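**Student:** With the working numbering, letter number 80 in the sequence shown gets 81, and the count goes up by one each step, no holes.
Structure incoming, see below.
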Amino acid sequence: MLLRDIAHSRAGDKGDISNISVIVYRQQDYALLERELTAERVRTHFAGVVHGEVVRHALPHLGALNFVMQKALGGGVTRSLALDAHGKSLSGAMLNLHLNEK
């Protein structure tokens, strides 16, 4: 199962920090999201893109997890030559993660 099967996501940025929220469609899927989507797993998924710490914040009543990823945007909007300097496409890349349904 892909993460996109149970959740949607949004991305934001501030300087060289990317912030991605992952929100389940159905509250009953939150336990699976919380179990499978760890900060370490996200850091591994974005290896080569994120060069700093990844911190996860749980928002169980909203059915959401928020990930703050340091050194993720090539220096930030004013310094990066990336086509997606704001990192909005990272939210789509996050949804390509495979989840174990166990």
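Yeah, the Cβ is synthetic: ideal placement off N, Cα and C, and Gly gets one too.
Note that the structure is predicted; figures quoted are calculated from it, not measured.
(1) Taking the C-alpha atoms as reference points, what is the distance between Leu33 and Glu102?
(2) Put Val43 into one of helix, strand or coil per three-state DSSP.
(3) According to DSSP, what are the bridge partners of Ala59?
(4) Ordered along the chain, which non-local residues of its own chain (more than five positions away) have a Cβ less than 6 Å from that of Phe47?
(5) Can you tell me whether Asp14 is helix, strand or coil according to DSSP?
(6) What are the boundary residues of the alpha helix (DSSP H) that includes Leu100?
**Tutor:** Quick look at the numbers:
(1) As a working mapping, residue 33 is identified with position 32 in the sequence shown. As a working mapping, residue 102 is identified with position 101 in the sequence shown. Spanning the two alpha carbons is a distance of roughly 7 Å.
(2) One-based indexing of the sequence shown puts residue 43 at position 42. In this structure, Val43 counts as helix in the three-state DSSP scheme.
(3) Residue numbering aside, residue 59 sits at position 58 when the sequence shown is read from its first letter. Looking at the DSSP assignment, Ala59 forms a beta bridge with Leu66.
(4) Working through the sequence shown from its first residue, we reach residue 47 at position 46. Cβ within range, chain order: n/a, list empty.
(5) By one-based count along the sequence shown, residue 14 stands at place 13. It is a strand residue.
(6) Walking along the sequence shown from the start, residue 100 turns up at place 99. Following the DSSP letters along the chain, one finds Leu100 in no alpha helix (DSSP H), marked with neither H nor E.
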